[in-house]
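When you read off a place in the sequence shown, starting at 1, and then add 3, the result is the number in this note's numbering.
From the three backbone atoms N, C-alpha and C, an ideal C-beta is built for every residue, glycine too.
Quantities reported herein were computed from a predicted structural model and do not represent experimental measurements.
Since the structure comes first, as structure tokens, the remarks are kept for the end.
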Amino acid sequence: MDIHALQQIVHQTRDARRKQTFSKLSPADRDQLIHKYHPDFRESAFRSLRFGPNVGDKTAIELATLLEGDSSVTDGFDLTPDYTTDVLVVGGGGAGCAAALHAHTAGAKVMLATKLRLGDSNSVMAQGGMQISVAPEDSPVTHFVDTLKGGHMQNDHQLLKVMVEEGPSIAKWLLSLGVLFDRDGDGNLHVKKGGGSSKPRLLTCSDYTGLEIMRVLKDEVLNQDIQLLEFCAAVELTSDENGNCTGAIFKDLDNHRNVVVAAKSVILATGGIGRLHIQGFPTSNHYGATGDGLCLSYRLGAKLVHIDTFQYHPSGAVYPEQLIGALVTEGIRSEGGHLVNAKGERFVDELDTRDVVSASIIRECEEGRGIRTMSGRVGVWLDTPLLDVAQGPGTMKKHFPAMMLQFERFNIDISKDPVLIFPTLHYQNGGVKIDTNSETNVKNLFVAGEASGGLHGRNRLMGNSLLDLMVFGKRSGLAAAARAASMVQGTLTVGHLKGFRADAKKHGRVSGVVSPMILPPYTRKE
4 MDIHALQQIV HQTRDARRKQ TFSKLSPADR DQLIHKYHPD FRESAFRSLR
54 FGPNVGDKTA IELATLLEGD SSVTDGFDLT PDYTTDVLVV GGGGAGCAAA
104 LHAHTAGAKV MLATKLRLGD SNSVMAQGGM QISVAPEDSP VTHFVDTLKG
154 GHMQNDHQLL KVMVEEGPSI AKWLLSLGVL FDRDGDGNLH VKKGGGSSKP
204 RLLTCSDYTG LEIMRVLKDE VLNQDIQLLE FCAAVELTSD ENGNCTGAIF
254 KDLDNHRNVV VAAKSVILAT GGIGRLHIQG FPTSNHYGAT GDGLCLSYRL
304 GAKLVHIDTF QYHPSGAVYP EQLIGALVTE GIRSEGGHLV NAKGERFVDE
354 LDTRDVVSAS IIRECEEGRG IRTMSGRVGV WLDTPLLDVA QGPGTMKKHF
404 PAMMLQFERF NIDISKDPVL IFPTLHYQNG GVKIDTNSET NVKNLFVAGE
454 ASGGLHGRNR LMGNSLLDLM VFGKRSGLAA AARAASMVQG TLTVGHLKGF
504 RADAKKHGRV SGVVSPMILP PYTRKE
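Have a look at this one:
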């Protein structure tokens, strides 16, 4: 049966479903659902780390292999600096750009290095919006409580307090730079309700919020006196005799040469790990999301946190094949779109937290209520035409123009036909452990954005990622600049590798794997 025939059940059941109300699950039922169906609870997909700062902690097998991997830097490597700077920012996404801009404003000499182009990041693909408590009926306290519940009460309270309290000032900063957030008829900032939130607090730019924010940040970086290195992948950090971070070593992907940068402080804003395709899941992440920052930090002795939990976005595209894993924005569910199984039934509160919704979709598919494509993939329907039916013709096109265009490339009109979806690997909930200034336990090493951990607990609330990037990008930039102003440049060594390699040999982990991966190995093996 072709895909168009399978879609008919969605159209046929729409009127009946519109009359339904769907209650959220009880805490006990939520826990039972997640433990049974969420990928984080598949024991066979995880193992304990055998050495390093997190020895004994469990993480995904794919990540464990890289964390225990060896460096490409060999003994006798020439560490003569090619560049010297106050603050070195590694990563050109939202957190990296924010960090560079604030460090520059604070008077530091700043270099930003990115392994692809400036702006190539997960940030640019963020669609759903940014959670900031700007509405009169909302408050940072409510935002704090919602996020704490969403993170299963495992969030770092100090990091969370900083994020929600500084949110409104971040909105003002972005507006001052020229970000065009959506507004209501009176000219006030328009807020939407997101999954897991008790109040509407999502600030959006249609369905391309991240793209709009990155448009502005990228231009601002290019217009300031910030030195830029593109297509330079960080392969190792350098340290002094006390183990403090003193710079980084890069591989120039264009010229195949090594580049050494001496820096008084280093900010890693290297993003996520989606391109590791944990448990074989497709991913919404950009091409460079290979967990580089985690590998580099771990070898230098930085502690990681919550590395056994990953977020699977409920609505990754299943059809057409060319879009597998690509996000179908959560905003559609925020506006009233239903999730529908093969029987034409709703099966979950669409605005529950992402882990609950993803687990529910996986349950439907595993229990035979999913829709199978001709290629063998399985998913459930997202009733996108419901928005035009409920709110008037043109609603989808007005509110979700980027999503409409994405599917129109394949002759699919999602204002008329539903979309087939299944969870896609979207975000690493954990990362490098940081304090409120984004500094790690390794002196002069800061981490911001998705590469950091602790803030989101065991499940990130939608819309909190973009705010995280801006708040801790800012804080890391200011703290790194202040640190650089108060110190002299440390010596550049890779002495930490000697201890790491000895530990690896002791535990029999000399596997030949080199990390970071830099780019995903999609080429066919002969």
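Quick one: is residue i buried, meaning 16 or more other Cβ sit within 10 Å of its Cβ, or exposed?
i      : result
Gly122 : buried
Glu370 : exposed
His38  : exposed
Pro524 : exposed
Arg478 : buried
Pro317 : buried
Lys221 : buried
Thr77  : exposed
Asn344 : buried
Ala174 : buried
Tyr211 : buried
Lys22  : exposed
His7   : exposed
Arg204 : buried
Met156 : exposed
Thr83  : exposed
Asn288 : buried
Ala116 : buried
Asp34  : exposed
Met473 : buried
Asp149 : buried
Tyr290 : exposed
Cβ atoms of residue j and residue i: under 9 Å apart, would you say?
i      : j      : result
Gly480 : Ala63  : no
Ile364 : Pro404 : no
Val238 : Ile252 : yes
Val264 : Gly250 : yes
Gly213 : Val137 : no
Val392 : Ala272 : no
His146 : Val167 : yes
Val422 : Leu464 : no
Ser26  : Val517 : no
Leu330 : Ala320 : yes
Ile310 : Asp60  : yes
Val351 : Cys368 : no
Tyr322 : Arg380 : yes
Met399 : Thr332 : no
Gly246 : Gly55  : no
Met133 : Leu470 : yes
Leu408 : Gly340 : no
Gly493 : Lys267 : yes
Cys248 : Leu297 : no
Asp159 : Gly460 : yes
Leu240 : Leu69  : no
Lys118 : Ala236 : yes
Gly328 : Phe284 : yes
What residue does the alpha helix (DSSP H) around residue i start on, and which one ends it?
i      : result
Lys22  : Per DSSP, Lys22 belongs to no alpha helix (DSSP H) and is neither H nor E.
Arg366 : 357–369
Leu163 : 160–180
Asp34  : 30–40
Leu151 : 143–153
Phe475 : 467–488
Ile335 : 334–337
Tyr211 : Neither: Tyr211 is in no alpha helix (DSSP H) and is coded neither H nor E.
Tyr301 : 295–303
If I measure Cβ to Cβ from residue i and keep anything under 6 Å in the same chain, skipping five residues before and after, which residues do I get?
i      : result
Ala111 : Asp89, Val90, Ala484, Ala487
Gly476 : Ala98, Ala101, Ala102, Ala451
Leu598 : Outside the displayed range of the chain (4 to 529) lies residue 598, so it cannot be described from this structure.
Gly199 : Gly153, Thr356, Leu464
Phe44  : His38
Val360 : Pro317, Val351
For the beta strand (DSSP E) that contains residue i, what are its first and last residues?
i      : result
Lys446 : Looking at the DSSP string, Lys446 is not in any beta strand (DSSP E), and its letter there is neither H nor E.
Lys61  : 61–63
Val516 : From DSSP, Val516 is part of no beta strand (DSSP E); its letter is neither H nor E.
Arg50  : 49–51
Val531 : Residue 531 is absent from the structure shown; the chain starts at 4 and stops at 529.
Ala505 : Taken as a continuous stretch (DSSP letters only), Ala505 belongs to no beta strand (DSSP E), being part of the alpha helix (DSSP H) at 499–509.
Ser318 : 313–320
Leu385 : 381–386
Leaving out the 5 sequence neighbours to the left and right, which residues in its chain are closer than 7 Å to residue i when beta-carbon positions are compared?
i      : result
Leu180 : Val219, Glu223
Arg375 : Val381
Ser455 : Gly434, Val435, Ile437, Ser441, Phe475
The ligand GTP and residue i: does any heavy atom of the ligand fall closer than 8 Å to the residue's C-beta?
i      : result
Ala236 : This structure lacks the ligand GTP; in fact it carries no ligand of any kind.
Examine chain D for any beta-carbon lying closer than 9 Å to the beta-carbon of residue i, and answer yes or no.
i      : result
Val351 : Annotation note: the requested chain D is absent from the structure, which comprises a single protein chain.
### Task
Write down every uninterrupted run of the alpha helix (DSSP H) in the stretch 79–139 whose length is 4 residues or greater and which is fully enclosed by it, in chain order.
97–108
### Message
Please give the ranges of any beta strand (DSSP E) in the stretch 220–275, keeping only runs that are unbroken, at least 3 residues long and fully inside the region.
### Response
For secondary structure counted as the beta strand (DSSP E) over 3 or more consecutive residues, the stretch 220–275 holds these complete runs in sequence order: 230–233, 235–242, 248–255, 260–271.
### Message
Could you tell me which whole beta strand (DSSP E) segments of length 3 or greater appear in the stretch 395–438?
### Response
422–431, 434–436
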